[in-house]
Amino acid sequence: MAKYQINFPAIEMVTKVEGGQVYVWDALRGRHLLLTPEEEVRRYVIAFLISHCGVQPHSIAQEYPVKINGTAQRADIVVIGSDLRPAILVECKAPEVTIDKSTLAQAVRYNAVLGAQYIVLTNGHKHLCVEYKDGQYVKMSSFPVMRYPNQDVEL
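10 is the number of the first residue of the sequence shown in the numbering used here; add one for each residue after it.
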C-alpha cells in the first residue's frame with residue numbers, strides 16, 4: 010500500500026479484502042481494521058516498539074482517550090509504563106502529512122493531559138522523538154527504550 014518509502018524494518022501484515030476495501034489484522038485488538046495510510050504507519054510503529062524498543066505488547070493502548078477542554082480526543086498509541094501511567098505517546102500520521110511544529114503541538118496538547126515522558130511523531134518515513142525533561146521538550150536522536158522491572162532487554 011505504501012506509496013512512500015517507509016523508514017521502519019519490514020513487517021508482515023495479514024490483510025483481507027472485503028467490499029473492495031483492504032483490512033489489516035490487529036493482533037493486539039483481535040480484529041481487522043481498515044488499512045488507511047495512517048493505520049499502515051501505526052502497524053509499523055507498533056512492530057518497531059515491540060521489536061526494537063523493549064515495549065511489551067500488553068502495555069500498548071491504541072486510540073487512547075484524551076479529554077482536551079472537555080472534548081473527547083484519541084491518542085494513536087500510548088505505551089503504559091510499569092508504574093501504570095503513560096510513558097510514551099505516539100502520534101501516527103499518513104505519509105503525506107508533514108511532521109512539523111503543528112503536529113508536535115497536537116501531541117503536546119495531548120501530553121499536557123497524559124504526562125508521558127516521551128512523545129514520538131511519525132509519518133512512516135520521518136520520525137521525531139522528544140523527551141519531557143526539566144519542564145521542556147528535548148529532541149532525542151532515537152526512539153525511547155522501555156525498561157521494565159525484572160526484564161533484561163537486549164536490543
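Virtual Cβ for every residue (Gly too), placed ideally from N, Cα, C.
In this text, all values refer to a predicted model and were calculated from it rather than measured experimentally.
Quick one, which of the options has its alpha-carbon nearest residue i's?
i: tyrosine 119; options: Met155, Thr80, Asp92; result: Thr80
i: arginine 40; options: Pro46, Tyr32, Glu47; result: Tyr32
i: tyrosine 141; options: Arg156, Arg51, Leu113; result: Leu113
i: leucine 58; options: Lys135, Met149, Val129; result: Val129
i: isoleucine 89; options: Tyr157, Phe17, Ile15; result: Tyr157
i: isoleucine 20; options: Ser60, Gln30, Asn78, Gly29; result: Ser60
Between residue i and residue j, what straight-line distance do the alpha-carbon atoms span, to the nearest angstrom?
i: valine 54; j: glycine 133; result: 8 Å
i: valine 162; j: serine 91; result: With a pLDDT of only 47 at valine 162, under 50, the local geometry of the prediction cannot be trusted, and the value read off the model is given with reservation. Approximately 14 Å, taken between the alpha carbons.
i: valine 139; j: lysine 110; result: 12 Å
i: alanine 56; j: lysine 102; result: 16 Å
i: arginine 51; j: aspartate 85; result: 8 Å
i: leucine 68; j: arginine 38; result: One detail in the question is off: residue 68 reads as serine in this sequence, not leucine. If I take the Cα positions, the gap works out to 12 Å.
i: alanine 11; j: proline 104; result: With a pLDDT of only 47 at alanine 11, under the threshold of 50, the placement of this residue in the model should not be trusted, and no figure is reported.
i: serine 167; j: asparagine 78; result: Outside the displayed span of the chain (10 to 164) sits residue 167, for which this structure offers no information.
i: leucine 164; j: alanine 116; result: The predicted position of leucine 164 is uncertain, since its pLDDT is 43 and thus under 50; a value taken from the coordinates is nonetheless stated next. About 27 Å.
i: valine 87; j: methionine 149; result: 18 Å
i: histidine 136; j: threonine 107; result: 10 Å
Between which residues of its own chain and residue i is the CB-CB distance below 6 Å, once the five residues before and five after are set aside?
i: glutamine 165; result: A query on residue 165 cannot be resolved here, the shown segment of the chain reaching from 10 to 164 and no further.
i: valine 154; result: Cys62, Gly63
i: tyrosine 127; result: Ile97, Glu140, Pro153
i: asparagine 16; result: His134
From the DSSP output, which residues share a beta bridge with residue i?
i: alanine 56; result: Its beta-bridge partners do not exist; DSSP assigns none.
i: aspartate 121; result: The residue you asked about is not aspartate; residue 121 is alanine in the sequence shown. None; alanine 121 has no bridge partner.
i: aspartate 35; result: Arg40
i: tyrosine 141; result: Tyr146
Can you name, in chain order, every residue of its own chain whose Cβ lies under 7 Å from the Cβ of residue i, other than the five neighbours on each side?
i: leucine 42; result: Tyr32, Val33, Asp35, Glu48
For the stretch 123 to 139 and the stretch 83 to 100, state whether three or more C-beta atom pairs, one from each stretch, are separated by less than 8 Å. As far as the Cβ criterion goes, the stretch 123 to 139 touches the stretch 83 to 100, which means the pair count is three or higher.
The stretch 14 to 27 / the stretch 140 to 148 touching (three or more Cβ pairs under 8 Å): Contact fails between the stretch 14 to 27 and the stretch 140 to 148, because fewer than three Cβ pairs, one in each stretch, are under 8 Å apart.
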